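Q: Below: one structure in C-alpha cells.
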Amino acid sequence: MFTAAAPKVRAEVAAPRITVQRSVAPKASAQAAPLVALAPVNPAPAMPSFANPFEASIAALAEGSQGRIGVAALDLDSGRAVTVLGEQAFPMASTSKIAIVATFLAGVDEGRFKLYDQYPLLVPVPSKKFSSAQAPVRQGTMMSALSLIEATITRSDNQATDALLAAVGGPHAVTRWVHSRTGITDFRIDRTIATLVRDDGAVNPAVSIDKRDSVTPLGMVRLLSGIYRREWLSPMSSDVLLGAMSRTVTGKHRIRGLLPQGTQVAHKTGTLSNTASDVGFIKTPDGRNLAVAIYVTGQGGKPQRDARIAAIARALYDGYLAEAASSRRAALR
C-alpha cells in the first residue's frame, strides 16, 4: 500500500456520503468571515439514532462538549465512509503540509521544478505577534527539494515547508492548485508556516471557526484518497509523498497510538494552540486501506487531544474490520 523506502530519482472515487453527523452546528455571528462564532456546545445533547454500533462508537468518541472534534474516514476499497462534523472547518495546522508538498510535486510533473533543485531553508526572524502581515524570515542552509519534502513530512520541519511554499508561489498558489486540480473547495491556506506559528493563539478553535488555513475532514479525506489513487499526481510523485508519510516520526501517540504493533500507517500530524490533528492512511490485516482525517480541539490539554485521536483511530480500525468480517460471514450463509 505505501512506499516505505525513500524514492530513487534520476537527476476519482465519489465523494463519501455522510453517515454520522453529531454535535451542535455553529451559528454564524454578525462578524464577517473568516471568523465565525460557534454556539455553545450542549454538554448533554440528545443521543441520535445510528445505523449500527460502529457509527455510534465513533460519534460517542467524537462527542463535542469539551471542544469540537471532526472525523472523516473512507474505506478506499469499498467506499464505506463514516464522518462526524465532516463538513465543518477545522485548523489544518501542519496537516496542510501534505497539500504544500503535493503542489510542489505537481510542478515537478509539469517540468517546472526538479527534485534536485536547491532551495534555502526559510528561518523565522523574531517579531511581535501580528506586527506584519507575513512573519519575516531569512535564508538558511540550501537543501534539495527532495530533502525539503522529507523534512517537511517526516519531521514537520517548518523552515523546510516555507521553502517549498515560497518555491510554488506562496499560500494562495497551494489553494489554487487544490481547488483547480482536485475540485475540493473546503480547503484554504492563507499564511506561511512562520506567520501561522508566530500569530497562533488568537482564536480558540474549540469554540470558534476561523476559516483561514482550514479544511473540512471530508475535504482532507478527498485529498488523501486522490493521492492514494494517483489522481492528482504522477505515480512517481505520488510515491514520493506517500513514502515520506510512511516515515513520519511525529505523533506516536495519535493515529499510531493504540493500533496493533506492526500496523502500516502513513500519516501527517498537525499541532497548534488548543488543537491537534492526524491524517493519513491505515492498512488493516485483511488488506483494507483506510483514509482517515481526525481533527480534535479542546479536551483539556495536548495529552488528552492525542489520546482522543488514538481512541478514534482504533475504533475506526476495529469497526471497519468488524463490518468486513460480518459481510464475509453473511456471504457464506
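Residue numbers (the numbering used here): 3 to 335.
Ideal Cβ positions, reconstructed from N, Cα and C, are used throughout, including at glycine.
On a predicted model such as this, the values are computed, not experimentally measured, just so you know.
1. Measure the Cβ-Cβ separation of A108 and A295 and say whether it is below 7 Å.
2. Leaving out the 5 sequence neighbours to the left and right, which residues in its chain are closer than 8 Å to V176 when beta-carbon positions are compared?
3. For A324, which residues from the same chain have a beta carbon less than 8 Å from its beta carbon, with the 5 sequence-adjacent residues on both sides left out?
4. Out of V209, E233 and I311, which one is the CA nearest neighbour of I2?
5. To the nearest angstrom, how far is it from the Cα of R290 to the Cα of L261?
6. What does DSSP give as the partner residue(s) for D280 in the beta ladder?
7. Nearest by alpha-carbon distance to S216: which of S329, L150 and G88 is it?
8. Which residues in the same chain have their Cβ closer than 6 Å to the Cβ of R138, if we skip the five residues on either side of it in sequence?
9. For the putative contact between A91 and I211, defined by C-beta atoms under 8 Å, what is the C-beta separation to the nearest angstrom?
10. Residues in the same chain with beta-carbon distance under 6 Å from A147, minus the five sequence neighbours each way, listed in chain order, please.
11. Leaving out the 5 sequence neighbours to the left and right, which residues in its chain are closer than 6 Å to I311 when beta-carbon positions are compared?
12. Quick one: grab the DSSP three-state call for K29.
13. In whole angstroms, what separates the C-alpha of V227 from that of L78?
14. Run through DSSP, which three-state label would A34 get?
15. Tell me, please, which residues DSSP counts as bridged to D77.
16. Give the single residue among S182, G203 and R231 whose Cα lies nearest to the Cα of L274.
17. For R190, list the residues DSSP reports as bridge partners.
A: Let's see:
1. no
2. S98, A101, I102, T105, L167, V170 and I191
3. F56
4. In the structure as shown, the chain starts at 3 and stops at 335, and residue 2 therefore has no counterpart that could be examined.
5. 15 Å
6. T271 and I296
7. G88
8. Per the sequence shown, the amino acid found at residue 138 is Pro instead of Arg. Result list for P138: V127 and S129, in chain order.
9. 5 Å
10. L117 and D119
11. R256, D280, I296 and V298
12. Unreliable placement is indicated for K29, whose pLDDT of 39 sits below 50; the coordinate value is still reported in the next sentence. Residue state, collapsed to three classes: coil.
13. The displayed chain sequence assigns Ser, not Val, to residue 227. Whole-angstrom Cα-Cα distance: 7 Å.
14. Low confidence applies to A34: its pLDDT is 35, below 50, so where it sits in the model is not reliable, and the reading given next is rough at best. The answer is coil: DSSP assigns A34 none of H, G, I, E or B.
15. L292
16. G203
17. S216
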